[in-house]
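Residue numbers (our numbering), protein chains in the order written: chain A, 1 to 228; chain B, 229 to 456.
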DNA sequence: CTGGTCGGTATACGACGTAAACCATAGAGA
DNA sequence: TCTCTATGGTTTACGTCGTATACCGACCAG
């Protein structure tokens with residue numbers, strides 16, 4: 001007969017908090033997707049009445065911004081120093097990986113102004129710092145940052161919102177090829193066929209473009225160093 | 229007293245159609261933004277009762293896909309041939325420009341699998357064809373296409389979803405700098421200051437990255453031609 | 001004992017997408 | 001000319017969403 005005396009009961013207390021709400025929302029989104037993440041639903045998942053969440057979160061947008069920053073805080077940051085290229089590469093790959101782990105976050109990241117919490121600031125500062133310490137001018141840093149940033153988010157979002165999984169892609173693509181005006185789109189057909197054959201769906205593609213960008217930036221940096 | 233006899237009355241007839249619904253939706257979104265584009269609202273704008281739209285459109289998603297493709301049909305397509313680089317550049321700039329004209333379309337384009345109507349097919353086929361005719365291998369075409377595609381959409385979306393206009397940016401940025409832990413983010417501060425000074429907000433940035441990519445692709449193409 | 005604050009609940013409102021039933025008109029066939 | 005039916009618009013209604021507001025129980029300071 002343990003009860004009443006305020007401890008030892010398993011679930012009844014632990015009275016919620018912004019931290020717990022956000023963490024719960026993140027887990028809920030991972031488990032059921034963004035579409036099902038609703039205030040009432042999240043409340044239920046936390047054993048609480050939906051409206052209770054508003055005691056810890058201003059509104060749903062606030063909550064969404066919160067979990068985006070939580071996701072962003074999972075990424076490995078590049079550290080400013082000599083090996084700028086390797087560091088940026090590592091940071092970009094980590095970002096990509098994290099976004100693949102939380103696919104719903106891509107959408108939020110992109111519709112909500114790209115995130116603007118502490119974790120995002122940290123990430124931005126480290127990327128910018130890595131470029132600057134790597135010998136890039138302020139202007140080139142600015143351009144390089146935006147290009148890289150856009151690229152990572154873009155591929156992540158493209159990968160995530162692509163409607164097909166690798167398994168059923170082949171059959172769906174073949175069916176598609178049968179239905180649409182293939183004769184008018186020879187190159188598209190070739191492209192899709194290539195996708196079917198290689199089965200690739202942005203796996204190595206991400207690194208391909210990333211290295212392309214990093215090499216290009218390096219070239220620009222060196223050109224600026226010798227020229228002008 | 230002209231009436232009854234089926235013509236000359238100004239507004240009463242012209243009985244709607246999928247075409248008119250989509251066109252109306254596009255204009256509505258341009259005028260009031262995506263958030264206010266609601267079935268009832270669009271109905272009202274078309275002088276009709278909301279539910280009437282379902283006689284011409286399967287559901288709201290169908291409608292959204294429809295207007296995305298309508299937007300996409302406005303872009304200038306590259307034409308396969310010798311001048312692949314100039315053509316791709318032109319096509320990319322046109323896409324960017326169109327997306328700036330219909331900011332809401334970025335969001336749809338990106339959350340909805342990137343569009344998949346006739347206009348999108350046409351665009352893809354032309355870009356792919358331009359690369360192939362420009363001397364790119366199937367693999368390189370595939371990579372190049374994705375990189376360019378992601379880049380254009382990414383910058384467009386980033387530009388659109390950036391919360392500030394050029395006018396108020398300076399003051400907002402300065403206020404921001406005062407509030408957040410500036411000491412811990414020296415490079416971010418430098419970055420923002422640069423934005424304030426140069427006032428630039430992705431204007432020339434888009435072309436910068438675009439040319440970077442095109443040059444890189446050219447280099448890869450030439451390397452593949454001489455090597456292997 | 002008392003009163004206030006804090007965290008959770010109950011209830012309610014308005015807006016959304018859309019299913020289902022209904023109804024007006026305009027031709028086509030007799 | 002009269003009916004029959006398909007087409008396109010209206011009405012009503014349902015369930016779900018975010019959230020404003022009022023409430024209420026437990027805790028803690030005086």
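Ideal Cβ placement from N, Cα and C applies to all residues, glycine included. Bear in mind the structure is a predicted one, so any value in this text is a computation, not a measurement.
- Taking the Cα positions, residue 270(B) is about 29 angstroms away from residue 350(B).
- Within chain A, no C-beta atom comes less than 7 angstroms from the C-beta of residue 454(B); the nearest is roughly 17 angstroms away.
- Taking one beta carbon from each stretch, the stretch 362-378 of chain B and the stretch 444-453 of chain B have 3 or more pairs nearer than 8 angstroms; the two touch.
- Secondary structure note for residue 250(B): its alpha helix (DSSP H) is the uninterrupted segment 246-260.
- For residue 426(B), the uninterrupted alpha helix (DSSP H) run begins and ends at 414-426, by DSSP.
- When CB distances to chain B are screened at a threshold of 9 angstroms, the residues of the stretch 110-131 of chain A falling below it are 110, 111, 112, 113, 114, 116, 118, 121, 122, 124, 125, 126, 127, 128, 129, 130, 131, in chain order.
- Going by beta carbons, residue 170(A) and residue 192(A) fall outside the 7 angstroms limit.
- Shown here, residue 46(A) sits in coil according to DSSP, grouped into three states, outside any helix or strand.
- Take residue 30(A), set aside five residues on each side of it, and the residues of its chain with a beta-carbon closer than 7 angstroms to its own are 102, in chain order.
- When CB distances to chain B are screened at a threshold of 9 angstroms, the residues of the stretch 207-227 of chain A falling below it are 208, 209, 212, 213, 215, 216, 217, 219, 220, in chain order.
- Of all residues in the stretch 136-155 of chain A, only 138, 139, 141, 142, 143, 145, 146, 147, 149, 150, 151, 153, 154, 155 place a beta-carbon less than 8 angstroms from a beta-carbon of chain B.
- The alpha helix (DSSP H) runs of length 4 or more contained entirely in the stretch 143-183 of chain A are, from start to end of the chain, 166-179.
- Residue 28(A) is positioned such that its CB atom lies closer than 7 angstroms to that of residue 45(A).
- Within the stretch 386-419 of chain B, those residues whose Cβ lies closer than 9 angstroms to any Cβ of chain A are, in chain order, 386, 389, 390, 391, 408, 409, 412, 413, 414, 415, 416, 417, 418, 419.
- The Cβ atoms of residue 282(B) and residue 129(A) do not sit closer than 7 angstroms to each other.
- Contact holds between the stretch 312-328 of chain B and the stretch 374-386 of chain B, because three or more Cβ pairs, one in each stretch, are under 8 angstroms apart.
- Using a CB distance cut-off of 7 angstroms, residue 54(A) does not count as an interface residue toward chain B.
- For residue 323(B), same chain residues with a beta-carbon under 6 angstroms away, outside a window of 5 residues either side, are 303, 380 in chain order.
- At least one C-beta of chain A is nearer than 7 angstroms to the C-beta of residue 433(B).
- With a cutoff of 7 angstroms on beta-carbon distance, residue 108(A) and residue 68(A) are scored as near each other.
- Within the stretch 283-366 of chain B, the complete alpha helix (DSSP H) runs of at least 4 residues fall at 288-300, 312-329, 331-339, 346-361.
- Exclusion of the five residues before and after residue 332(B) leaves 257, 261, 262 as the residues of its chain whose Cβ lies within less than 7 angstroms of its Cβ.
- Scanning 339(B), 354(B), 338(B), 291(B) for the CA closest to the CA of residue 309(B) turns up 354(B).
- Residue 306(B) places its beta carbon 7 angstroms or farther from that of residue 292(B).
- The C-beta of residue 387(B) has 16 or more other C-beta atoms within 10 Å across all chains shown, which makes the residue buried.
- Contact check for residue 359(B) and residue 372(B): beta-carbon distance about 6 angstroms, within the 8 angstroms limit, so the pair qualifies.
- The beta-carbon distance between residue 66(A) and residue 22(A), rounded to whole angstroms, is 4 angstroms. This is short enough to meet the 8 angstroms contact definition.
- For residue 37(A), the three-state secondary structure derived from DSSP is coil.
- An exposed status is given to residue 226(A), since fewer than 16 other beta-carbon atoms sit within 10 Å of its beta-carbon.
- Taking residue 254(B) as reference, the option from 368(B), 277(B), 301(B), 243(B) with the minimal CA-CA separation is 301(B).
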